[in-house]
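Numbering (the UniProt record's numbering), first residue to last: 1 to 138.
Right, dumping it as structure tokens:
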């Protein structure tokens, strides 16, 4: 982007990664998220992905104390708490492609936002790649 100051270039780089996610061609171990927990599991009042990971860890006898990390992959972000995630050491075989796609788009938006682009602009640009790919089959 530095050379051209062109958000479309960022989207061109983003598209193959989105495609890989959507085809489930990414090894789930490459998608591990690690968060440092700040409280004991019982002290959290919100049901977050990290809390879900803490619950899974506790079920497996892997308690985590404040200040320690918990590593997980999001497998179904529409579910609640421990069903949303699998711990990194649980033998990963799946992931929520939509969740990780959204992370990619948000990250790209942080790069191109100084140029006036938002997530919706990136989604629109990514949609054009899909349309042109489908048109090539027509």
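We put the CB at the ideal spot given by N, CA and C, even for glycine.
Predicted model, so just to flag it, every value in this text is computed and none were measured.
According to the Cβ coordinates, are residue i and residue j closer than 8 Å?
i           : j           : result
residue 119 : residue 106 : yes
residue 56  : residue 82  : yes
residue 72  : residue 33  : yes
residue 111 : residue 10  : yes
With 16 as the cutoff for other CB atoms within 10 Å, does residue i come out buried or exposed?
i           : result
residue 65  : exposed
residue 128 : exposed
residue 23  : exposed
residue 36  : exposed
residue 132 : In this prediction, residue 132 has a pLDDT of 44, which is less than 50 and means its spatial position is unreliable; what the coordinates show is noted afterwards. So residue 132 ends up on the exposed side.
residue 114 : exposed
residue 93  : exposed
residue 84  : buried
residue 29  : exposed
residue 50  : buried
Thinking C-alpha only, which one of the options is nearest residue i?
i          : options             : result
residue 48 : 68, 20, 77 and 11   : 77
residue 70 : 79, 52 and 84       : 52
residue 74 : 123, 27 and 122     : 27
residue 80 : 40, 93 and 46       : 46
residue 31 : 38, 39 and 21       : 21
residue 96 : 67, 25, 108 and 109 : 25
Do we get a CB-CB distance below 8 Å when we pair residue i with the residues of chain C?
i          : result
residue 39 : Here chain C cannot be found, since the structure has a single protein chain.
DSSP puts residue i in a beta bridge; with which residues?
i          : result
residue 89 : Its beta-bridge partners do not exist; DSSP assigns none.
residue 33 : 72
**OP:** Pair every Cβ in the region 57-71 with every Cβ in the region 82-93, then say whether three or more of these pairs are closer than 8 Å.
**Re:** They touch, by the three-pair rule.
Original post:
With contact counted as at least three CB pairs below 8 Å, one residue from each stretch, are the region 97-114 and the region 10-27 in contact?
Top reply: yes
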